[in-house]
Amino acid sequence: MRQTIQQHRVVVIGAGYTGATAAGRLARRLRGEDVSITLVNAEADFVERVRMHQLAVGQPLRPRPFDEMFAGTGVELRLGRVTGIDVDRRTVTVTGADGASDLEYDTLVYALGSAWNTQGVPGTTEHAHEIAGRDGALRLRDRLAALAPGSPVTVVGGGLTGVEAATELAETRPDLDVSLIARAGLGDWLSPKGARHLQKVFSNLRITTHEHTTVTAVHADRVTTTEGDIPAAVTIWTTGFAVHPIARATTLETGDTGQITVDATMRSLSHPDVYAIGDAALVTGPGDKPLRMSCASGVPTAWQAADAIAARLTGSKLPTISARYFNQCISLGRKEGLIQYVTADDRAVNAALTGRLAALYKELVCKGAAWGVANPTIGLPVRRRRVTAERARVGVPAA
Numbered sequence: 331m332r333q334t335i336q337q338h339r340v341v342v343i344g345a346g347y348t349g350a351t352a353a354g355r356l357a358r359r360l361r362g363e364d365v366s367i368t369l370v371n372a373e374a375d376f377v378e379r380v381r382m383h384q385l386a387v388g389q390p391l392r393p394r395p396f397d398e399m400f401a402g403t404g405v406e407l408r409l410g411r412v413t414g415i416d417v418d419r420r421t422v423t424v425t426g427a428d429g430a431s432d433l434e435y436d437t438l439v440y441a442l443g444s445a446w447n448t449q450g451v452p453g454t455t456e457h458a459h460e461i462a463g464r465d466g467a468l469r470l471r472d473r474l475a476a477l478a479p480g481s482p483v484t485v486v487g488g489g490l491t492g493v494e495a496a497t498e499l500a501e502t503r504p505d506l507d508v509s510l511i512a513r514a515g516l517g518d519w520l521s522p523k524g525a526r527h528l529q530k531v532f533s534n535l536r537i538t539t540h541e542h543t544t545v546t547a548v549h550a551d552r553v554t555t556t557e558g559d560i561p562a563a564v565t566i567w568t569t570g571f572a573v574h575p576i577a578r579a580t581t582l583e584t585g586d587t588g589q590i591t592v593d594a595t596m597r598s599l600s601h602p603d604v605y606a607i608g609d610a611a612l613v614t615g616p617g618d619k620p621l622r623m624s625c626a627s628g629v630p631t632a633w634q635a636a637d638a639i640a641a642r643l644t645g646s647k648l649p650t651i652s653a654r655y656f657n658q659c660i661s662l663g664r665k666e667g668l669i670q671y672v673t674a675d676d677r678a679v680n681a682a683l684t685g686r687l688a689a690l691y692k693e694l695v696c697k698g699a700a701w702g703v704a705n706p707t708i709g710l711p712v713r714r715r716r717v718t719a720e721r722a723r724v725g726v727p728a729a
């Protein structure tokens, strides 16, 4: 006769691409009688972060409610913001419409992700707009809609987010004067073919580029740079991401970036009952380089963490997923795209796909990423395994 066990409590905080994927994948790996899975998020529907530049220019996005996405899986959604974590008491403080309350866990999956990084530049917080999240993209949408023809809009940051934002805006609003400020050369990380295509698209869209330029201050009507002032009725700030600060406020071991240090299974090096995934985790990839903050990096960490948790709770073999890169998918508006093929450690190779076909490719990737959240085992059949009684006991971390 099977021994009755105490239900193991898994709490996943953050329901972006990685958190939602991990919760759904765990629900398909473990029996609901043995494990409770609670997903904590501030919003009731999934946000396609890779499409925030589209939302900002007024394009409607398909709603993806979590109650539909997780129907029948056993995942319980807890609406609220994480305002505190005590990893020694194993509690998460969640603040919602009814106030703050503590949520206890046996295993915590930390997936709070990242937000925009102001780099400490004066005036950025007060005067710039960000598109790292839906709230920021909606505020920017309203501001852009109110601009008169000919108004200058300046995008700060020459990386993937900045390039996508500038081209999407210039294509959608050709009446605006769009410029981009890049600290290095435009597309200098791309192959020669990729860089030429990017420069061609920028030229066709009449985007002014200020290369090898650093912003030193942001004002309501301009940005100050090392090369002088540049007019900006609206400034869009896209100079990278910064992780949620809450991890540093705990006793979790973190790196210089504030990311949680983890082993190959995404398990915290300091607290074995905590797993960190996505942007929140400091993960070493090919070439001993940290994985960059991106959906492409994050989803494999969610798979790894979920499968490792399930394996440890059921006494199964630990999984091994080697995170690596294959390409960088860049939208350049709705009609143009760029697929830059890369090495395992994310260095550009000579091969690149450009034009309309690349735009279709990128659109399929975006749709596939959202589909993958709702189908975290990629449509493959699964077996929900039983948790062993000794591994489910509260306070006893699995080996």
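In this note's numbering, the protein residues as written are 331 to 729.
Note that beta-carbon positions come from the ideal geometry of N, C-alpha and C, so glycine has one too.
Could you spell out where the alpha helix (DSSP H) holding Trp701 opens and where it closes?
The residue given as residue 701 occupies position 371 in the sequence shown. 686-704 is the span of the alpha helix (DSSP H), which, as asked, contains Trp701.
From this set, Trp633, Thr580, Ala653, Leu433, which residue's C-alpha is nearest Val703's C-alpha?
By one-based count along the sequence shown, residue 703 stands at place 373. Val703 has its Cα closest to that of Trp633, out of Trp633, Thr580, Ala653, Leu433.
Mind reading off the beta-carbon distance from Ile343 to Leu442? Whole number of angstroms is fine, and I expect it under 8 Å.
As a first step, residue 343 is located in the sequence shown; it is residue number 13 there, counting from the start. As a first step, residue 442 is located in the sequence shown; it is residue number 112 there, counting from the start. Yes, they are in contact, since the Cβ atoms of Ile343 and Leu442 sit about 6 Å apart, within 8 Å.
Is the beta carbon of Pro482 less than 8 Å from the beta carbon of Ala386?
As a first step, residue 482 must be located in the sequence shown, where it is residue number 152. As a first step, residue 386 must be located in the sequence shown, where it is residue number 56. For Pro482 and Ala386, no; Cβs fall outside 8 Å.
Is DSSP giving Thr413 helix, strand or coil here?
Within the sequence shown, residue 413 is the residue found at index 83, counting from 1. Strand, per DSSP.
Alpha carbons only, please: which of Val545, Tyr655, Leu510 is nearest the one belonging to Leu302?
This structure cannot settle anything about residue 302, because the visible part of the chain is limited to 331 through 729.
Along the alpha helix (DSSP H) that carries Thr491, what are the first and last residues, could you check?
Position 161 of the sequence shown, counted from the start, is the residue given in the question as residue 491. From DSSP, the alpha helix (DSSP H) with Thr491 extends over 490-502.
Around the Cβ of Val712, are there at least 16 other Cβ atoms within 10 angstroms (buried) or fewer (exposed)?
Indexing the sequence shown from 1 puts residue 712 at position 382. Exposed, because fewer than 16 other Cβ atoms sit within 10 Å of the Cβ of Val712.
Please report the residue range of the alpha helix (DSSP H) in which Ser533 lies.
In the sequence shown, the residue the question calls residue 533 occupies position 203. Segment 522-534, the alpha helix (DSSP H) holding Ser533.
Should Asn680 go down as buried or exposed, given a rule of 16 or more other Cβ atoms within 10 Å for buried?
Looking up residue 680 in the sequence shown gives position 350. The residue is exposed, with fewer than 16 neighbouring Cβ atoms inside 10 Å.
For Glu378, which option in Gly346, Pro649, Ser521, Glu398 has the closest C-alpha, if you only look at C-alpha atoms?
In the sequence shown, counting from the first residue as 1, residue 378 sits at position 48. The shortest Cα separation from Glu378 among Gly346, Pro649, Ser521, Glu398 belongs to Gly346.
Going by C-alpha distance, which of Gly645, Thr423, Ala640 is nearest Gly362?
Stepping through the sequence shown from its first residue, residue 362 is reached at position 32. Nearest of Gly645, Thr423, Ala640 to Gly362, Cα basis: Ala640.
In whole angstroms, what separates the C-alpha of Gln658 from that of Ile415?
Looking up residue 658 in the sequence shown gives position 328. Looking up residue 415 in the sequence shown gives position 85. Approximately 35 Å between the Cα atoms of the pair.
When the Cβ atoms of the region 671-686 are set against those of the region 605-619, are three or more pairs found closer than 8 Å?
Verdict: yes, contact present.
Say whether the region 365-375 touches the region 398-406, bearing in mind that this needs 3 or more beta-carbon pairs closer than 8 Å, one atom from each stretch.
The answer is yes - the region 398-406 touches the region 365-375, with three or more Cβ pairs under 8 Å.
Of the choices Val365, Arg597, Val417, whose alpha-carbon is the least far from that of Ile576?
Locating residue 576 in the sequence shown gives position 246, counting from the first residue. For the residues Val365, Arg597, Val417, the minimum Cα distance to Ile576 belongs to Val417.
Just checking, does the region 433-452 make contact with the region 596-608 on the three C-beta pairs under 8 Å criterion?
Yes: the two stretches touch, three or more of their Cβ pairs being nearer than 8 Å.
Cutting at 7 Å between CB atoms, please list the residues of its own chain near Ala626, excluding the five before and the five after it.
Counting from 1 along the sequence shown, the entry for residue 626 is found at position 296. Cβ within range, chain order: Tyr655.
Thr546 by DSSP, collapsed to three states: which one?
Within the sequence shown, numbered from 1, the residue matching residue 546 stands at position 216. Three-state result, Thr546: strand.
Less than 8 Å between the CB atoms is what I'm expecting for Ala467 and Met382, so what's the real figure, rounded?
Your numbering for residue 467 matches position 137 in the sequence shown. Your numbering for residue 382 matches position 52 in the sequence shown. That pair is a contact at about 4 Å.
Among Val629, Leu643, Pro395, which residue has its Cα nearest to the Cα of Val340?
For the purposes of this step, residue 340 is identified with residue 10 of the sequence shown, where counting begins at 1. Cα-wise, what sits closest to Val340 is Leu643.
If you draw a straight line from the C-alpha of Asp559 to the C-alpha of Gly388, how long is it?
For the purposes of this step, residue 559 is taken as the residue at position 229 of the sequence shown. For the purposes of this step, residue 388 is taken as the residue at position 58 of the sequence shown. Straight-line Cα distance between these residues: approximately 29 Å.
Between Thr555 and His540, is the Cβ-Cβ spacing less than 8 Å?
Translated into positions along the sequence shown, residue 555 becomes position 225. Translated into positions along the sequence shown, residue 540 becomes position 210. Taking 8 Å as the Cβ cut-off, Thr555 and His540 qualify as a contacting pair.
Just to confirm my understanding: we take Asp593, look at its own chain, exclude 5 residues before and 5 after, and list those with CB closer than 8 Å. What are they?
Working through the sequence shown from its first residue, we reach residue 593 at position 263. Excluding sequence neighbours, Asp593 sits near Leu599.
Check whether the region 348-363 and the region 448-462 are in contact - that is, three or more C-beta pairs closer than 8 Å.
They do not touch, by the three-pair rule.
Going by other Cβ atoms of all chains shown within 10 Å of its Cβ, with 16 needed for buried, is Leu687 buried or exposed?
Within the sequence shown, residue 687 is the residue found at index 357, counting from 1. Looking at its Cβ environment, which holds fewer than 16 other Cβ atoms inside 10 Å, Leu687 is exposed.
Do the CB positions of Gly463 and Ala445 come within less than 8 Å of each other?
The sequence position of residue 463 within the sequence shown is 133, counting from 1. The sequence position of residue 445 within the sequence shown is 115, counting from 1. In this structure, Ala445 lies closer than 8 Å to Gly463 by Cβ.
Using a Cβ-Cβ cut-off of 8 Å (strictly less than) and excluding sequence neighbours within five positions of Val553, which residues of its own chain qualify?
Residue mapping note: residue 553 aligns to position 223 of the sequence shown, counting from 1. Thr484, Val486, Ile511, Val545, Ala547, Asp559, Ile560, Ala562, Thr565.
Looking only at DSSP bridge pairs, what is Ala482 linked to?
Along the sequence shown, one-based indexing puts residue 482 at 152. Sequence inspection shows Pro at residue 482; the Ala mentioned does not correspond to that position. DSSP lists Asp507 as partners of Pro482.
How far does the alpha helix (DSSP H) with Arg456 in it reach, from first residue to last?
For the purposes of this step, residue 456 is taken as the residue at position 126 of the sequence shown. What sits at residue 456 in the sequence shown is Glu, not Arg. Start and end: 454-457.
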